[in-house]
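Here the working numbering runs 874 ahead of the position in the sequence shown, where the first position is 1. Beta carbons are placed, not taken as given, at the ideal position from N, Cα and C, and that holds for glycine. As the structure is a computational prediction, the values presented were derived from the model and not from experiment. Reviewing the structure listed below.
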Amino acid sequence: MSGVVSGFTVIFIMVGIGYLLGRTRVLGDSAHEVLSRLVFFVCTPALLFHSLITSDLSVIFSTTLVIAGGSALAIGVIYVVVARLWLRAEIPELAIGGLASSYVNSVNLGLPIAIFVLDDASFIAPLLLFQILVYSPMALITLDLTVTDPATGTAPRTSTVRDAVVAPLTNPIVVGGVAGLVISAVGWMPPAAIMEPMKMLGNASVPGALLAFGLSLTGVAVFKKGQSPRRAIALASVLKVVAMPALVYVVARWGFGETGHQLFAQVVIAALPTAQNVLVYATRYRRGQIMARDTALITTLASIPVIGVIAFLLA
875 MSGVVSGFTV IFIMVGIGYL LGRTRVLGDS AHEVLSRLVF FVCTPALLFH
925 SLITSDLSVI FSTTLVIAGG SALAIGVIYV VVARLWLRAE IPELAIGGLA
975 SSYVNSVNLG LPIAIFVLDD ASFIAPLLLF QILVYSPMAL ITLDLTVTDP
1025 ATGTAPRTST VRDAVVAPLT NPIVVGGVAG LVISAVGWMP PAAIMEPMKM
1075 LGNASVPGAL LAFGLSLTGV AVFKKGQSPR RAIALASVLK VVAMPALVYV
1125 VARWGFGETG HQLFAQVVIA ALPTAQNVLV YATRYRRGQI MARDTALITT
1175 LASIPVIGVI AFLLA
């Protein structure tokens, strides 16, 4: 449990610093948007590039990839269907909500828990890969095709087939992940002059996302009546911290016959809260920011007792 406490303490401190920076306006009024764009366009692509090059692909492509990735996708689809039928949400909000309900905080909380609680960082790598190369591109392509360009105000593009091919090639996060995977697969290690800058920029991704999250909380009331989409947030939060761990337990236990520490690890990873990356994406496309922010905060708080119960029952 000390690893869980340590991981959450890191998150709360970084978010708190971001909140204080926003309250004091040290970084100016546009700090949140500028920092979010820095994380989206520079730091996260560098993190993915460096991480995948230095990863063991034989560990990544395992049953954990099927269980974690498949369960995340299933929960996201459940959110989209329910929110479309119940809330009549539009496509961009469905994309953000689908991510909020199932996109795991696999880096800034997942890695500390994998190391300190599960004693093996490789448990988080398959899900990280799935989110980088499959889940994020699916959502980002959807957003690219349906959201009006915030800079020009132009209407969504209409050539779906062409844009479905072009969008991943122009998205920096997807480009960074694919480039790292390809280089890792061919077995080439770039020189230190390339890897070190990527590592330095990548190291700034997690704190940058957490600071941006803290900045976004300045001057707003979480779950505020009349402003916050409460039903959408409640739906995404319940799916993330309750339904997703339960689904992973069922799939891993009876679908793949896993028991013991392996089963415990799968369920703990599924119970991790919504990643701050979802807020970065929402801010980038200017759709669903409040839902992404509130869901990330609520699931972060709720995941503490949930992971504690899982540890008590399965550890």
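Here Val1116 is exposed. Its C-beta has fewer than 16 other C-beta atoms within 10 Å. Within the same chain, Trp960 and Leu961 come within 8 Å of Arg1105 by CB-CB distance, once the 5 residues on both sides are set aside. If the five residues before and after Leu1188 are omitted, its C-beta is found closer than 7 Å to the C-beta atoms of Leu1137, Phe1138 and Val1141, all from its own chain and listed in chain order. In the assembly as shown, Thr1133 is an exposed residue. Its beta-carbon has fewer than 16 other beta-carbons within 10 Å. Thr928 sits in coil when the DSSP states are folded into three classes, being neither helix nor strand. Listed in chain order, the non-local C-beta contacts of Val1154 below 8 Å within the same chain comprise Ser910, Val913, Phe914, Thr918, Ala1083 and Ala1086, local neighbours out to five positions each way being set aside. Under the DSSP assignment, Val1052 falls in the alpha helix (DSSP H) whose first and last residues are Pro1046 to Val1060. The beta carbons of Leu968 and Arg958 sit closer together than 8 Å. Ranked by Cα distance from Tyr1009, the first of Ala905, Val1152 and Gln1163 is Val1152. Under the 10 Å beta carbon count, Leu894 is surrounded by fewer than 16 other beta carbons and is classified as exposed. The continuous stretches of alpha helix (DSSP H) do not include Ala1126, and DSSP gives it neither H nor E.
Here Thr898 carries a helix assignment [DSSP, helix/strand/coil]. About 6 Å separates the beta carbon of Leu1089 from that of Ala905, a gap short enough to meet the 8 Å contact definition.
The C-alpha of Val889 is placed about 26 Å away from the C-alpha of Gly1050. The beta-bridge partner set that DSSP reports for Val956 is empty. Closest in C-alpha terms to Ala1066, from the list Gly896, Thr928, Thr1174 and Phe882, comes Thr928. Comparing alpha-carbon positions, the option among Arg1167, Gly1061, Thr1169 and Leu1175 lying closest to Leu931 turns out to be Gly1061.
Non-local C-beta neighbours of Phe997 in its own chain, meaning closer than 7 Å and more than five positions away in sequence, comprise Thr938, Ala988, Ala1139 and Ile1143, ordered along the chain. Of all alpha-carbon atoms in Met1118, Pro966 and Leu926, the one lying nearest the alpha-carbon of Val1021 is that of Pro966.
The C-beta distance from Ala1156 to Ala1166 rounds to 4 Å, short enough to fall under 8 Å. The three-state secondary structure of Thr1148, taken from DSSP, is strand. Look at Val1008 here: in three-state DSSP terms it is helix.
Less than 8 Å divides the Cβ of Thr1169 from the Cβ of Ala974.
Pairing Tyr953 with Gly984 gives a Cβ-Cβ distance that is not under 8 Å. With respect to Gly943, Leu1001 sits close: the two C-beta atoms are nearer than 8 Å.
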